[in-house]
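Chemist: Structure below; questions to follow.
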Ligand code: B12
């Protein structure tokens with residue numbers, strides 16, 4: 003039996019004007035090219051737990067000729083995010099028309115399972131590892147069920163995490179690769195459509211397993227740049243410190259996502275620096291308390307932290323770790339002046355890089371439930387607009403076109419070359435003398451296409 007694993011590769015934006023604007027900025031273009039080459043870790047993970055007597059092949063959707071589909075598969079498994087679900091359904095339809103059974107999984111179908119059922123022979127909700135062995139057994143017996151729900155049996159124990167089949171990838175195509183060190187997040191942001199929606203329980207992967215994955219990547223890919231596909235890497239400090247201590251021996255450069263609390267832990271920051279952390283992505287969301295109020299629903303944590311935002315950036319960057327701050331335009335309680343607030347804060351904080359997105363309601367999130375109830379989702383069927391760069395909800399303090407105009411203006415001012423260069427300089431000013439010297443010694447000051455997160 004041969005199963006084709008198909009990743010819906012690449013980035014998506016519906017609005018051509020934004021795409022055109024983005025591509026006028028070299029920095030945006032370079033970053034987009036780097037990250038869009040990331041493979042689907044979800045599918046490689048499932049491949050890692052597929053019985054040896056089943057052949058698996060990994061494909062990026064851009065390599066699949068939709069009109070002349072490959073005929074060598076007994077079944078295909080497609081990974082979905084919300085924005086590409088419709089594309090995945092179309093592809094599934096074509097395979098099914100040729101008699102090839104299709105299994106759909108991933109965050110996209112997990113958040114909209116009912117819709118997905120019409121387009122697949124089997125839909126998997128939640129963490130794939132929990133039900134994949136059963137799916138393969140049923141496939142072999144020609145007895146696929148329409149729905150497999152991991153939630154009923156999960157959460158998956160990361161002590162049992164399989165080694166992802168990185169060997170299925172063509173090494174020349176992937177300058178950047180991902181590994182997961184944990185799942186979930188202790189915070190409950192209303193808009194979050196990430197792994198917390200697959201399984202709400204926070205868990206960590208044993209350090210030895212993560213290091214084994216790092217070594218496998220090094221063996222297969224030389225010295226790849228590693229992206230931790232985590233939601234919030236350092237929540238379990240004991241695990242984080244032990245992981246970073248081991249990682250420091252591997253001589254790799256890496257990137258991850260975290261909350262701001264790392265800025266309060268000097269020991270952790272030093273370990274991050276010494277183990278090769280190039281950049282940390284942090285969801286600031288907005289620099290004002292009014293906008294953040296109620297966004298995090300467990301402890302209103304983000305609103306409580308807003309007064310420390312700027313000093314935290316400085317404390318992190320002093321260690322030679324660049325901060326990539328994520329901001330959301332259109333949060334409830336904000337009007338067009340929210341764009342000015344973000345611009346001012348980005349400049350004043352001296353953060354190295356920045357990402358700005360629209361407040362987006364993904365189906366299956368608390369935000370979607372609230373806004374759908376208020377009639378504020380612009381078109382509930384337009385899941386292709388769940389890109390974070392297209393508006394799918396009506397803002398509460400401005401019109402849709404005012405929001406759009408503010409967003410385009412903000413993008414232009416954040417990514418024009420002088421603004422980018424000013425951020426690079428601000429980062430250099432934050433560096434302590436010792437860190438400056440160490441970076442020079444290790445050759446971490448040169449820009450390298452594999453490491454967009456380096457200082458130019
Ligand atoms: C790495 C990453 C990417 C990479 C790779 C994407 C990919 N194909 O996997 C790149 C850069 C290409 C990317 C692009 C996009 N991304 Co992205 N990305 C991530 C990130 C950082 C990590 C995802 C990851 O690897 N998780 C680890 C793996 C192991 O989990 P997993 O893929 O979910 O797989 C598990 C299950 O879902 C399931 N499963 C998955 N697939 C399948 C398939 C089958 C058949 C089965 C049975 C099970 C199964 O089993 C797996 C193991 O449990 C997350 C944020 C985060 N911190 O998690 C955002 C995230 C997934 N991305 C997001 C978005 C919005 C996008 C874009 C739309 C952005 C854009 N405008 O272009 C595009 C869409 C890409 C596409 N074509 O589908 C959102 C998705 C929300 C949603 N519900 O849809 C997230 C959550 C970020 C966010 N801010 O909300 N992304």
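Residue numbers (the numbering used here): 3 to 458. The beta-carbon is built from N, C-alpha and C at its ideal position, and this holds for glycine as well.
1) Name the DSSP beta bridge partners of residue 77, please?
2) Using 8 Å as the threshold, is the C-beta distance between residue 327 and residue 293 below it?
3) Should residue 200 be counted as a contact of ligand 1 given a C-beta to heavy atom distance under 7 Å?
4) For the beta strand (DSSP E) that residue 104 lies in, which residues bound it at each end?
5) Leaving aside the five residues before and after residue 162 along the sequence, list all residues of the same chain whose C-beta is less than 8 Å from its C-beta, in chain order.
6) Could you tell me which residues DSSP puts in a beta bridge with residue 124?
7) For the candidate residues 227, 174, 237, whose alpha-carbon lies nearest to that of residue 186?
8) Express the C-alpha separation of residue 388 and residue 71 in angstroms, rounding to a whole number.
9) Looking at the structure shown, is residue 417 part of a helix, part of a strand, or coil, going by DSSP?
10) Go ahead and pull the three-state DSSP assignment for residue 163.
11) For residue 41, count neighbouring Cβ atoms within 10 angstroms of its own Cβ and tell me buried if that reaches 16, exposed if not.
12) Please indicate yes or no: does the CB of residue 205 lie closer than 7 Å to some heavy atom of ligand 1?
13) Nearest-angstrom Cα distance between residue 398 and residue 404?
14) On the three-pair Cβ rule with 8 Å, is the stretch 50-61 touching the stretch 190-198?
15) Roughly how many angstroms separate the alpha carbons of residue 147 and residue 47, rounded to a whole number?
16) Among 303, 376, 27, 108, which one has its Cα closest to the Cα of residue 86?
17) How about residue 213 and residue 252: are their beta carbons less than 8 Å apart?
18) Please determine, among 10, 9, 24, 14, the residue with the shortest C-alpha to C-alpha distance to residue 410.
19) Are the Cβ atoms of residue 81 and residue 165 separated by less than 8 Å?
20) Can you confirm whether the stretch 294-303 touches the stretch 358-365 when touching is taken to mean that 3 or more C-beta pairs between the two stretches lie within less than 8 Å?
21) Quick check: is the beta carbon of residue 38 nearer than 8 Å to any beta carbon in chain C?
22) Restricting to Cα atoms, I'd like to know which of 156, 160, 288, 128 is closest to residue 468.
23) Is residue 361 near ligand 1, in the sense that its beta carbon is under 7 Å from a heavy atom of that ligand?
24) Got a sec, what are the start and stop residues for the alpha helix (DSSP H) residue 178 sits in?
25) Check whether the Cβ of residue 391 sits closer than 7 Å to any heavy atom of ligand 1, and report yes or no.
26) So, using beta-carbon positions, are residue 123 and residue 105 closer together than 8 Å?
27) Tell me whether residue 58 sits in a helix, a strand or coil according to DSSP, three-state version.
28) Under the three-state reduction of DSSP, which class applies to residue 10: helix, strand or coil?
29) Look at the alpha carbon of residue 262 and the alpha carbon of residue 254, and state the distance between them as a whole number of angstroms.
30) Alpha carbon to alpha carbon, what distance is there between residue 219 and residue 171?
31) For a test of the three-state rule: what should DSSP assign to residue 130, helix, strand or coil?
32) Using alpha carbons as the reference points, say which of 351, 277, 275 lies closest to residue 308.
33) Would you say the beta carbon of residue 364 is closer than 7 Å to some non-hydrogen atom of ligand 1?
34) Which of the three DSSP states is assigned to residue 256 in this structure?
35) Cutting at 7 Å between CB atoms, please list the residues of its own chain near residue 277, excluding the five before and the five after it.
36) Considering only the beta carbon of each residue, do residue 93 and residue 63 sit closer than 8 Å?
Modeler: Considering the structure as presented:
1) Bridge pairing for residue 77: 5 [DSSP].
2) Result no, Cβ atoms of residue 327 and residue 293 do not sit closer than 8 Å.
3) Yes, the beta carbon of residue 200 sits closer than 7 Å to at least one heavy atom of ligand 1.
4) Start and end: 104-107.
5) Within the same chain, Cβ atoms closer than 8 Å to the Cβ of residue 162 are found at 131, the five residues on either side in sequence being excluded.
6) BP columns for residue 124 point to 105.
7) Here the closest residue by C-alpha is 237.
8) Inter-residue distance for residue 71 and residue 388 is about 27 Å (C-alpha atoms, whole angstroms).
9) Residue state, collapsed to three classes: helix.
10) DSSP places residue 163 in coil when its eight states are reduced to three.
11) Buried, by the Cβ-count rule.
12) For ligand 1, not one heavy atom lies less than 7 Å from the Cβ of residue 205.
13) Pairing residue 398 with residue 404, the inter-Cα distance amounts to about 12 Å.
14) No, the stretch 50-61 does not touch the stretch 190-198.
15) A straight line joining the alpha-carbon of residue 147 with that of residue 47 spans about 22 Å.
16) Each of 303, 376, 27, 108 was checked against the Cα of residue 86, and the nearest Cα belongs to 108.
17) Cβ distance < 8 Å, so residue 213 and residue 252 count as in contact.
18) When C-alpha distances from residue 410 are compared across 10, 9, 24, 14, the shortest belongs to 24.
19) Not a contact, by the Cβ cut-off of 8 Å.
20) The stretch 358-365, when compared against the stretch 294-303, does not touch it at the 8 Å Cβ threshold.
21) The chain inventory of the structure shown lacks chain C, comprising one protein chain alone.
22) This structure cannot settle anything about residue 468, because the visible part of the chain is limited to 3 through 458.
23) The answer is no for residue 361.
24) Per DSSP, residue 178 belongs to no alpha helix (DSSP H); it is in the beta strand (DSSP E), 178-181.
25) Yes, ligand 1 has a heavy atom inside 7 Å of this Cβ.
26) The answer is yes: Cβ separation under 8 Å.
27) Strand, per DSSP.
28) Residue 10 falls in the coil class under three-state DSSP.
29) In a straight line, the C-alpha of residue 262 is about 23 Å away from that of residue 254.
30) Going from the Cα of residue 171 to the Cα of residue 219 covers about 11 Å.
31) Reduced to three states, the DSSP call for residue 130 is helix.
32) The closest CA to that of residue 308, considering only 351, 277, 275, is found on 351.
33) The answer is yes for residue 364.
34) Strand at residue 256.
35) Around residue 277: 246, 249, 250.
36) Going by C-beta atoms, residue 93 is nearer than 8 Å to residue 63.
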